[in-house]
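For reference, the structure discussed in these notes is given below.
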Ligand SMILES: Nc1ncnc2c1ncn2[C@@H]1O[C@H](COP(=O)(O)OP(=O)(O)OP(=O)(O)O)[C@@H](O)[C@H]1O
Ligand SMILES: [Mg+2]
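Protein chains in written order, with my numbering: chain A, 1 to 795; chain B, 1 to 231.
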């Protein structure tokens with residue numbers, strides 16, 4: 001009986017090839033997309049959990065109260081705290097530290113081959129006791145004793161040496177030779193610490209000046225990670241840490257607190273994002289997860305509506321079987337085996353799709369996800385999907401049909417069909433409401449991205465590239481010399497310098513500001529940057545009042561330029577220009593007010609900014625090129641660079657790229673959203689297409705009769721498509737307010753954002769209706785064009 | 001074998017009742033070949049469904065082998081009809097996805113007959129109906145008469161006590177209809193009790209008794225003298 005069922009099920013599926021194909025395609029695509037989305041989410045939520053002592057590991061964070069209503073949150077602490085924790089906090093079993101932001105990049109060289117490395121860190125001897133690294137070659141033994149040793153990931157080792165078994169070999173790091181101490185496996189996708197190269201902290205501290213800096217209780221430059229005894233009282237630990245820090249800091253004020261944060265919470269803590277650790281957005285992870293679920297839901301809905309639609313067509317078969325003697329159970333088993341086959345085939349295909357898509361997905365996500373067949377998530381998705389689809393599409397119609405009494409069939413009734421058209425229509429509406437909602441979301445995201453990309457930032461970043469001059473005692477001269485040598489180059493319009501890139505001057509200061517009329521209890525926090533005299537003209541900044549810094553004006557070294565926001569924020573008394581202004585120990589005056597420009601990401605409002613000229617800190621050089629002559633200008637800059645830094649690769653980037661880089665995560669999330677939305681649309685259309693096939697098939701005879709009676713092709717297409725298009729319009733009505741609500745919420749994250757126009761809904765509606773109409777009319781036209789004699793004879 | 005006592009059936013059309021069967025009382029003996037005739041809409045199919053236990057009368061009593069079918073619940077009726085009654089339909093109602101062989105075999109599967117027994121039973125009947133060569137074809141590949149042969153084969157393979165045929169020749173040419181009728185007669189001669197519905201006067205004479213329905217009432221009930229049917 002069972003093989004018989006399978007055989008019949010198989011034949012049935014083959015006979016209704018198009019249905020089966022649509023069912024399998026929709027379900028497997030949906031599952032594959034969901035599996036990929038969940039891989040992402042699982043990875044985000046599982047960060048760092050693979051370390052053996054992960055559950056007991058905490059990161060020590062610093063909270064620094066800078067004013068009555070402002071607290072700064074840091075992921076770092078002073079270096080001496082590591083030792084103090086181990087010696088004076090009984091709850092701590094172990095502690096370790098890492099620092100990464102000594103220099104933003106280091107230059108590596110091997111046999112004349114130059115490259116840069118940004119992902120590196122200095123760690124102490126305990127690091128490998130607390131965090132899990134798979135050593136492929138060599139060990140961490142003696143790492144701290146050998147100052148010039150390095151531990152590389154396989155990836156970096158292969159990049160430098162072209163192979164991985166390189167323990168004992170050496171390479172040049174900036175100006176020193178380092179020996180490879182060990183090679184470890186590449187960092188897993190779910191590791192916060194994604195450093196490609198680890199260097200001994202002892203090397204960093206071997207320089208007397210740096211050691212003094214690092215060991216000061218006033219510098220917060222070290223990540224501190226502790227392993228607490230199981231069951232430790234966190235509040236008590238925090239209390240002890242804070243007290244100890246205040247004691248050693250010899251600070252009477254109580255503005256510093258130290259807080260231990262579980263390692264599992266570190267990844268999503270965006271307020272304490274730190275260069276040395278990969279931070280993720282819990283919100284994005286949740287959105288991706290939800291969309292994954294939604295796609296899975298859409299795929300299930302397809303499957304259910306198509307299968308129940310077909311079940312209605314099987315009234316005859318079921319009726320006959322019952323009259324001949326089939327029991328309810330036997331009917332159930334028959335219908336169920338069909339569903340089981342479809343579901344299992346879909347699962348197999350889904351796993352295949354995932355394997356095919358993984359390399360591309362990894363490239364896109366910059367991850368190295370891997371889907372093992374032992375991954376429980378895979379089986380949860382599979383089980384959940386198969387369970388849902390089988391329950392809804394297998395059990396539900398099967399129960400309907402088993403209940404169906406054969407007498408009804410003989411009287412020409414189609415019991416199931418009558419009962420579940422409403423059900424199926426509901427499914428179509430739900431499905432298209434979601435789809436339209438996603439289309440609206442994608443349009444809004446696209447518009448916001450375009451808005452940001454084309455917003456007038458108050459400065460002109462076109463045809464400007466920048467590069468960084470590395471720190472040295474003679475940097476000031478180097479910057480000057482490079483600028484000097486570019487002035488005579490015809491392809492260069494102008495050059496300028498500042499201490500950080502204009503696209504994101506994210507550095508705040510407070511404490512040293514004074515001016516006429518400043519209230520005593522007001523300690524303003526402002527953004528600050530150092531620029532030069534040519535900066536304003538190169539960037540096309542506009543002055544609201546006063547003037548910009550002048551070249552060779554010694555007095556301007558003490559003076560500041562404020563932006564309009566700063567003037568408003570600090571309530572500088574009129575006339576602003578000419579007011580005395582003390583800043584970072586310099587006593588000068590406000591020489592000008594620059595019109596507000598966007599020196600931060602558009603997520604934030606334009607904040608108060610104090611600009612000064614401090615040449616020793618200026619490291620970013622800008623070059624504005626004449627139109628169409630960029631490559632000549634770059635070549636000239638490279639030549640000037642090589643004259644100063646023959647051993648370092650010359651790396652430049654256009655401000656446009658730097659600007660886009662700032663929105664990279666957002667763009668990536670947006671791209672993922674659009675991809676998933678596109679998939680959702682596709683899956684929904686598959687379902688609609690299936691239903692259209694089904695309903696036209698059911699009406700073949702009616703169409704034939706109408707045609708014989710003289711109906712025109714367009715009128716038939718209209719007749720057949722009308723129902724679906726009505727449903728799709730209904731879903732638009734449901735989707736629009738919901739989508740508006742969620743997208744409006746999303747936009748609130750941007751200080752500068754678009755308003756959602758009604759045209760978005762019109763566009764999304766047109767897209768949904770258009771796609772639906774195309775999908776459906778294809779079938780309708782086919783049916784309407786068919787020869788009526790044929791369809792009538794077959795009855 | 002069958003005893004109908006005051007059987008009535010109505011449908012609710014809107015707010016009024018439409019009576020389809022009124023006051024139907026007659027018996028059918030074992031071995032009879034009963035023909036039911038009557039104008040379209042007179043209630044023939046409705047009566048057949050009630051006799052076939054696919055439908056329930058609103059009033060009256062129905063005894064099948066002295067069992068009070070009218071008191072049975074749906075499940076018991078289903079059990080009884082499965083084991084005792086074979087059906088032949090005007091529109092054949094073969095299952096399109098199954099071959100001739102599998103269509104005929106299906107009732108045996110539902111009865112739980114062993115595989116070897118099924119094979120020999122199906123082979124016998126294919127042989128008898130002369131359709132061995134067609135056994136691997138699908139219904140759509142057969143002529144109407146051939147499909148009805150398969151329909152009859154399927155109806156009798158489970159050796160039912162009663163064969164119900166609602167217009168078995170309704171969709172067929174006269175020559176094919178005659179072939180089907182002679183087959184039914186043959187089955188009757190072997191002792192099968194048969195009830196058929198037909199509009200064809202000539203085919204009615206293959207039976208032993210004719211009941212004429214009109215507006216739900218039995219108008220006429222007569223034995224076919226020349227045949228001398230078993231009483
Ligand atoms: N489900 C139903 N609901 C309402 N009325 C019905 C239903 N089924 C049948 N009828 C009515 O019952 C009456 C008898 O129908 P039935 O099918 O028994 O007639 P028939 O004698 O078999 O006719 P024909 O020779 O055309 O097959 C008809 O008037 C029909 O309209
Ligand atoms: Mg009838």
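Using N, Cα and C, we set each Cβ at its ideal position, and we do this for glycine too.
Given the structure is predicted, the values throughout are model-derived calculations rather than measurements.
Within 10 angstroms of the beta-carbon of residue 57 of chain B lie 16 or more other beta-carbons, which makes it buried. Going by DSSP, residue 385 of chain A is part of the alpha helix (DSSP H) stretching over 376-389.
Beta-bridge pairing by DSSP links residue 117 of chain A to A/106. Judged by DSSP in its simplified three-state form, residue 343 of chain A adopts helix.
Beta-bridge partners assigned by DSSP to residue 98 of chain A: A/123, A/223.
Listed along chain B, the residues sitting closer than 7 Å to residue 326 of chain A by beta-carbon distance are 110.
Taking the Cβ of residue 8 of chain B as the reference point, every heavy atom of ligand 1 lies at 8 Å or farther away.
Contact with chain A is found for residue 81 of chain B, since one of that chain's Cβ atoms lies less than 9 Å from the residue's Cβ.
In this structure, ligand 1 has no non-hydrogen atom nearer than 8 Å to the beta-carbon of residue 112 of chain B. Residue pairing by DSSP places residue 72 of chain A opposite A/64 in a beta bridge.
According to the DSSP secondary-structure assignment, residue 134 of chain A is paired through a beta bridge with no residue. Taking a Cβ-Cβ threshold of 8 Å, the residues of chain B close to residue 330 of chain A are 110, in chain order.
Annotated three-state conformation of residue 66 of chain B is coil, per DSSP. For residue 323 of chain A, a Cβ of chain B is located within less than 9 Å of the residue's own Cβ.
Using a Cβ-Cβ cut-off of 9 Å, residue 11 of chain A is close to 97, 98 of chain B, given in chain order. Here residue 695 of chain A carries a helix assignment [DSSP, helix/strand/coil]. If you draw a straight line from the Cα of residue 161 of chain A to the Cα of residue 152 of chain A, it is about 11 Å long. Along the region 9-43 of chain A, the positions whose C-beta sits under 9 Å from a C-beta of chain B are 11, 12, 15, read in chain order.
Against residue 320 of chain A, the close residues of chain B are 93, 95, in the order they occur along the chain (beta-carbon pairs closer than 7 Å).
At a beta-carbon threshold of 8 Å, the residues of chain B lying near residue 317 of chain A are 95, 96, 97, ordered along the chain. Out of A/57, A/428, A/83, the CA that lies nearest to the CA of residue 132 of chain A is found in A/57.
Counting of Cβ neighbours within 10 angstroms places residue 690 of chain A among the buried residues, the total reaching 16 or more.
Counting only the Cα atoms, residue 460 of chain A lies some 6 Å from residue 540 of chain A.
Distance from the CA of residue 135 of chain A to the CA of residue 183 of chain A, rounded to the nearest whole angstrom, comes to 6 Å. By the criterion of a C-beta distance shorter than 7 Å, residue 564 of chain A is surrounded in its chain by 544, 593, 595, 596, once the five residues flanking it on both sides are discounted. Remark: C-beta atoms of residue 613 of chain A and residue 556 of chain A approach each other more closely than 9 Å. A distance criterion of 8 Å places the beta-carbon of residue 60 of chain B beyond contact range of ligand 1, judged by its closest non-hydrogen atom. The criterion of a C-beta distance shorter than 9 Å is not satisfied by residue 189 of chain A and residue 476 of chain A. Less than 9 Å divides the Cβ of residue 107 of chain A from the Cβ of residue 649 of chain A. Neighbours of residue 190 of chain A across chain B, judged by C-beta separation under 7 Å, do not exist; the nearest C-beta is about 50 Å away. Between ligand 1 and the CB of residue 11 of chain B, the shortest heavy atom gap is smaller than 8 Å.
In this structure, residue 215 of chain B has its CB at a distance of at least 8 Å from all heavy atoms of ligand 2. Shown here for residue 246 of chain A: same chain residues with a beta carbon closer than 8 Å to its own, the five before and five after excluded, namely 254, 256 in chain order. Taking non-hydrogen atoms of ligand 1 into account, the C-beta of residue 177 of chain B is found less than 8 Å away from none of them.
Contact note: residue 339 of chain A does not reach chain B at a C-beta cutoff of 8 Å; the least C-beta distance is about 16 Å. Chain B places a beta carbon closer than 9 Å to that of residue 4 of chain A, counting this residue as a contact.
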